[in-house]
Structures are given as C-alpha cells and as structure tokens.
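Working notes, structure below.
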Amino acid sequence: MAKNLKKFVNPKFTRTIGLAPMRRLLERHRDALALDLSILDGDPATARAAIQDFFAGPEEAYPEGLVADLHRIAEVGDADGLRLLLDVADRLCIAIAPERDPDGGETCQDPKHFALRVFLDFPLVFETASDMLAMTARTSLAEYAGVEEGVEAELTEETKAAFEAAAAKMFEADHRGCYCRVGWYADADEVNLVITHGSLVRTTPIVDAGAERVISFRAAEHAVLSYSALAGRLKIGGVPMARRAEVAKVFATTMMQRPEFFAAEDAQNLYTLAPIERIGCGFTFNHAFDPGIREVQIVAAQADLMGVNPRTGQPRVLRSVSSRDGFDSALAGLSDGMRGEPFGNDWRLNHIDIRIHFDVGGRRPAKVAVKIKPPTSASFKRHRFEDRIMTLLRRNGLVHDRFADLAAIAAE
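My numbering numbers the first residue of the sequence shown as -15 and each following residue consecutively.
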C-alpha cells in the first residue's frame, strides 16, 4: 500500500492541487501533523515545496488518520473512480458543478483533484461510491440458501438499526473496535449492504522529533452482504469464515425475524461438478441458449484421488492432479495425470476454473473468470453478467436446485 500511496501523492499532484482543499485535508489531522500549516498562509511556491517535502518523507511519519484518508481518496482517484463518483451523484440527485478558473472558464477535471473535492464537500456521494467499490471488489463470496424462496427482508429504520447494533457488537467482540457503519443499497429484488468496521489494531515504529516511538492504529475494513428475496439466498464477503454463519443469523434475526432461515443442513450445498464427472474429461459447456456467449473455456482443474484414513475411517486425499491450459484443454491434462482412469469412487473433481467470453459488440469479447469449488463456492466478479453466469451454471447442471428437489420429493 505504501507504494500506491506514494504514487498518489506524487510531485505532480502536490504541484497542481489547490492549496485550499489540501489545507482542509491536512487540518483534519493538525494535532498529529509534523508540518506547520501556517506556511500555507505565505508564498504559494514555498507552501507547495513544504507539502512536497512532507509527502516525500516516510509514510510512517504521516498521521495514521491522514494515511486512512489518502488511501480512501486514492481508491477513487482515477478515471473509473471519477465516473463512479459522478454516477453516484446523479443517482442521489446531487449536483457537483465543474470547477472554474479565475476567468470563469471550465477547468480540466483531474480525477485525483475531483476525488479530494468530493471527499471534502460531498461526503454522502463519497461514502456511497466507496461502498460501491467495496461491493464490486469482492469475488469470493460465501453463499447461504434460505429454507424457502420469495421471503422479503424487512427494511425499516428499526430493523436497520438493530442489524447495525448487532454487527457492531460482533466486530467489537473480535477486538475490531466499536466503529461500525452500514450502507444500504437496493438493486431490483436484491438488498446490498456494505459494512465498514475496524480492523485488528496494528503497530508500527516511526521516527518523531528525532526519536523512535511506536504508534498503534486501526484501519478500516469492509464486509459486504447481498440478499436476493427471489432466490432466498444470502451472499457474504469480507467476513472471517468462523463468523459467516453468525452474520447470516444476525441478518435473518434482525431483517426477517426468522433466526434459523439460513441454518438448514444443506444451506451451503449449492454447487456440484457431478455432470462433468459423469461425462468425463470430454465435457464441454453448452451455451447455445445464450447467443451473447461466444465461448466457455475450462482453463484449470484439479482432481483428487480419494482413500480412507486407516486410523479414523474417514475419507482422505491420497494425491492430487492439477492441470492448467489457456486454450480449453485443462480437462485433457487431468486425464493424463489420472492415467486415463475415469471419475468415480476413487477420483473426485475438486474444482474447475472457466473463462467465459461475452459478446459486447466489439471485436474483442469481455472475459470473466469463474472458479467453481463445490459445494459452497462459485467465485467471480459479480458486478457484470452475474445473472447470465448463474444461468449458464444452472443450465449445465452445476447448481443444486434445492427447491426443485424438495418439490419432487413432496410430489412423490
């Protein structure tokens, strides 16, 4: 992170950023700042030189609060971040007028300068954009299927406050501090949450006033939740494995008044590679139902040779074979490592990585990587093509249709 932060506050940034917004940022941390801000009242060139010298020094000398602010601003301080900030402002009906030069003309909007301006003057826009970024950054999500589909979460001020209080209590118990902020975002039938909370306390040695000392700080971290009422499914990211079931229960208790909604024995029995095991290493994906999918490649796979632990009688992995191929031959590579033996009682497919090529109207397709590791995980960037990816997996038999199975049993 230090390298990225230095890249953000580089000499070009300190030479071109307005002294007024820079002063406002630094004044947020005046008490811990090793820089006399009165220098900003004098010659602008001297002030810029002092700021540049300060940021050229070791990051360990920056106040920990300033480090946190700069990292958050840097996250949205590029062209994509500028577009995200403007999109969020538009959705919130908040007008952010372009900056003007002294003659009244419009100035060029540098993404870094714009991000700092929004951070200082439009905190709601900045917090929302930061939450959106946290949601799209998560690729590995734990999923919990509820006991039924079509159950809505109750979104009221009371239920939201109850969830936030319960989440804060849980993070505090994990020694992550008392701070907890939850952003709530509706998207069609889904409810998305971004929980900003403290990390474990970190310590680092710094040099201050010619002497060494150790400072402690608590960085901000994000957890994300997404609940689809239509599918009755909750996705959780950024939460330690040992706490995920508890987070699911907190959501079910506070937002649905059904504490055991995600507690069924098969709540995480969601994905399977059995169709591939039945066909063998000649399996290919059927995507003819979606003309917008150009190709589906199986680029990596792992198979495990299973045996029995003689002491415990429990299954164990005797050896594993992995194969990686960028041209859709990963399963063929597995076959070589398995010496031509079929999947069955001894060989089990552990996971596969696929690459899906989506037609987006240009010469080059958009490519999305998906890792499927039964029974709990299908990992990919969820902000694009999620519905189509899940349809592809279902149509090829890789998703357990729990409710269809229950309906079939009931019919019998």
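We put the beta carbon where it would ideally sit given N, CA and C, even for glycine.
Excluding the five sequence neighbours on either side, which residues of its own chain have a C-beta within less than 6 Å of the C-beta of V301, listed in chain order?
Cβ neighbours of V301 beyond the five flanking positions: D288.
Among residues of its own chain, excluding the 5 on either side of R368, which ones have a beta-carbon nearer than 6 Å to its beta-carbon?
The answer is none, since no qualifying residue turns up.
Does DSSP classify F39 as helix, strand or coil?
F39: helix per DSSP, three-state reduction.
Tell me whether C164 is buried or exposed, calling it buried when 16 or more other Cβ atoms sit within 10 Å of its Cβ.
So C164 counts as buried.
Which residues in the same chain have their Cβ closer than 8 Å to the Cβ of N270, if we skip the five residues on either side of it in sequence?
Only R379 and N380 meet the Cβ criterion.
When you compare each of G324, P259, M6 and V383 to H97 by their alpha carbons, which one comes out closest?
Checking every option, the nearest Cα to that of H97 belongs to M6.
Evaluate contact between the region 128 to 146 and the region 248 to 255, counting only Cβ atoms and requiring at least three cross-stretch pairs below 8 Å.
At 8 Å Cβ cutoff, the stretches touch.
Assuming A99 is part of the alpha helix (DSSP H), what are its boundary residues?
Segment P95 to D105, the alpha helix (DSSP H) holding A99.
Is there a Cβ of chain B sitting closer than 7 Å to that of P275, yes or no?
Looking for chain B here will not work: only one protein chain is present.
The beta strand (DSSP E) spanning S361 covers which residue range?
Unbroken beta strand (DSSP E) run through S361: S361 to S363.
Tell me whether the beta-carbon of K355 lies closer than 7 Å to the beta-carbon of R339.
Taking 7 Å as the Cβ cut-off, K355 and R339 do not qualify as a contacting pair.
Just to confirm, is the Cβ distance from A118 to L68 under 7 Å?
Their beta carbons are not under 7 Å apart, which means A118 does not touch L68 by this criterion.
Is it right to say E396 is buried, meaning 16 or more other beta carbons lie within 10 angstroms of its own, or is it exposed?
A caution first: E396 carries a pLDDT of 44, below 50, which makes its placement in the model too unreliable to give a value.
Hey, would you say S124 sits closer than 7 Å to S363, going by beta carbons?
It is a contact, given that the beta carbons lie within the stated cut-off.
Excluding the 5 residues preceding and the 5 following W168 in the sequence, name in chain order all residues of the same chain whose CB lies nearer than 8 Å to its CB.
L139, K144, V175, N176 and L177, listed in sequence order.
If we ignore side chains and look at the alpha-carbon of each, how far apart do D274 and Q281 end up?
Approximately 15 Å between the Cα atoms of the pair.
Please determine, among G65, I220, Q36 and I35, the residue with the shortest C-alpha to C-alpha distance to V102.
Here the closest residue by C-alpha is G65.
Alpha carbon to alpha carbon, how far is A248 from K(-4)? Give it in angstroms, no decimals.
Approximately 56 Å between the Cα atoms of the pair.
In whole angstroms, what is the alpha-carbon distance linking V51 and G41?
Taking the straight line from one Cα to the other gives about 13 Å.
Under the three-state reduction of DSSP, which class applies to I80: helix, strand or coil?
Reduced to three states, the DSSP call for I80 is coil.
On the three-state DSSP scale, how would you describe M(-15)?
Any answer about M(-15) is weak, because its pLDDT of 38 lies below 50 and its placement is not dependable; what the coordinates show is given next. Three-state DSSP puts M(-15) in coil, outside helix and strand.
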